[in-house]
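> Quick note, the sequences are listed as chains A and B, same order. Position in the first sequence (from 1) plus 62 gives the number in my numbering. Position in the second sequence (from 1) plus 62 gives the number in my numbering. C-beta atoms are modelled at their ideal positions from N, C-alpha and C, and glycine is treated no differently. One structure, pasted below without further comment.
There are 2 protein chains.
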Amino acid sequence: MVAKSQDELERALQDQGYRLTPQRTLILEVIRECDDHVSAEQIYARVREVYPYVNISTVYRTLDLLAGLALVTKTDLGEGRVLYHWAEKGNHHHLICQKCGAVASLDDDLLEPLKQTLLLKFGFQANLDHIAIFGHCAECGSLSPSGHGPH
Amino acid sequence: MVAKSQDELERALQDQGYRLTPQRTLILEVIRECDDHVSAEQIYARVREVYPYVNISTVYRTLDLLAGLALVTKTDLGEGRVLYHWAEKGNHHHLICQKCGAVASLDDDLLEPLKQTLLLKFGFQANLDHIAIFGHCAECGSLSPSGHGPH
DNA sequence: TTGCGTGCAAACGGTTTGCAGGAAC
DNA sequence: GTTCCTGCAAACCGTTTGCACGCAA
């Protein structure tokens, strides 16, 4: 896919009947710059560095708008907040170590077999745009073979 | 695995130095009866039917305790609240339709290949006790092939 | 000039916490 | 008698909402 320029994106928004405001321009810009997944709060902070009069609710509303247009994807990693990610950067997945917190990336095609299985067996079209898999990484896994205990 | 009786469980708690209170007994009982995943709020409601003087924070504290002892598992399906499940009932997974909300169960061994792959390729011990996979079920998937639009 | 988008503030819902009193051991 | 556990109330945190104003079109 060809990465769109900021101008193109802004025009696209307008073409679909949405107004172009400085807030939207900024939020759009910030989230496109982020290589990683970011929370609404992080985007808010970044935007405010440039233009301090933006409100957090505007950030949420804009992110919802962009998600509706499939320009950003929302990911809930089950940590009590939602992360956002510029959709053009493509799908990727996470291996998250529950011990040391390390996050590794995981290629799309490793999930392909599972996706196929679900489709064949259940006719279920899995949306694996963003998946988080928790567990223990190589280092932490080898250290503690044991299981649970009182915390 | 052999299912433990209520008595055994209560003794086990005491053996580990935890006190046995009516609240804990009740919460333990309620969550064991639930075949499904339940929220703290649901457990709270059930407990209060029997003993109305229980507080929601006690429910949370007890659930945390039981989760620490690996007697219950916590599952975050990304719906803004955590679901609890009696651990002895075994692992199972969910196929959740993002359109109609239907939830289907998924057997453990369908995820086994993925688990193996992760272990071999990355040495990553995936904890797939409870996994939620979002997407479109057979019915909803066949109805709308199209994608996103402004909402 | 129209009405969409914004800032503000307040509300929300699930969850956590500090504290003092009470119950289990 | 100690210590853990509980109820209460308030705080928390991410997110949403109602409203009136202001700016993009």
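(1) What's the gap between the Cα of A/SER101 and the Cα of A/ALA132?
(2) Does A/THR83 pass the burial test, meaning 16 or more other C-beta atoms within 10 Å, or should it be called exposed?
(3) By Cβ distance below 7 Å, which residues in the same chain neighbour A/LYS136 in space, the five residues on each side in sequence not counted?
(4) What would DSSP say about A/TYR122, mapped onto helix, strand or coil?
(5) Does the distance from the C-beta atom of B/THR124 to that of B/GLN85 stay below 8 Å?
(6) Find out if the Cβ-Cβ distance for the pair B/ILE195, B/LEU139 is shorter than 8 Å.
(7) Which of the three DSSP states is assigned to B/ALA194 in this structure?
(8) Nearest-angstrom Cα distance between A/LEU190 and A/ARG73?
(9) One question on the structure: do A/HIS155 and B/GLN187 come within less than 8 Å of each other, judged by their Cβ atoms?
(10) Identify whether B/ALA164 lies in helix, strand or coil by the three-state DSSP scheme.
(11) Could you tell me the distance, in whole angstroms, from the CA atom of B/CYS159 to the CA atom of B/GLN76?
(12) Cα-Cα, which of A/ILE193, A/LEU172, A/GLN104, A/LYS66 is closest to A/TYR122?
(13) Three-state secondary structure (DSSP) at A/HIS213?
The answer reads as follows:
(1) Locating residue 101 of chain A in the first sequence gives position 39, counting from the first residue. Locating residue 132 of chain A in the first sequence gives position 70, counting from the first residue. The alpha-carbon atoms of A/SER101 and A/ALA132 are separated by roughly 17 Å.
(2) Mapped onto the first sequence, residue 83 of chain A falls at position 21. With fewer than 16 other Cβ atoms within 10 Å, it is exposed.
(3) Against the first sequence, residue 136 of chain A aligns to sequence position 74. Cβ neighbours of A/LYS136 beyond the five flanking positions: ALA129, VAL144, TYR146.
(4) The residue labelled residue 122 of chain A in the question sits at position 60 within the first sequence. In the three-state scheme derived from DSSP, where H, G and I count as helix and E and B as strand, A/TYR122 is classed as helix.
(5) On the second sequence, position 62 is the one that residue 124 of chain B refers to. On the second sequence, position 23 is the one that residue 85 of chain B refers to. The beta carbons of B/THR124 and B/GLN85 sit closer together than 8 Å.
(6) In the second sequence, the residue the question calls residue 195 of chain B occupies position 133. In the second sequence, the residue the question calls residue 139 of chain B occupies position 77. Contact check for B/ILE195 against B/LEU139 fails: the beta carbons are separated by 8 Å or more.
(7) Walking along the second sequence from the start, residue 194 of chain B turns up at place 132. Here DSSP, grouped into helix, strand and coil, assigns B/ALA194 to strand.
(8) Taking the first residue of the first sequence as 1, we reach residue 190 of chain A at position 128. Taking the first residue of the first sequence as 1, we reach residue 73 of chain A at position 11. For A/LEU190 and A/ARG73, the distance between alpha carbons rounds to 30 Å.
(9) Locating residue 155 of chain A in the first sequence gives position 93, counting from the first residue. Locating residue 187 of chain B in the second sequence gives position 125, counting from the first residue. Cβ distance not < 8 Å, so A/HIS155 and B/GLN187 don't count as in contact.
(10) The residue labelled residue 164 of chain B in the question sits at position 102 within the second sequence. Three-state result, B/ALA164: coil.
(11) Numbered from its first residue, the second sequence carries residue 159 of chain B at position 97. Numbered from its first residue, the second sequence carries residue 76 of chain B at position 14. About 42 Å.
(12) In the first sequence, counting from the first residue as 1, residue 122 of chain A sits at position 60. Residue A/GLN104 is the option with its Cα nearest to A/TYR122.
(13) Position 151 of the first sequence holds residue 213 of chain A. Confidence at A/HIS213 is low in this model, with a pLDDT of 25, below 50, so its placement is unreliable and the value that follows should be read with caution. In the structure shown, A/HIS213 sits in coil (DSSP, three-state: anything other than H, G, I, E or B).
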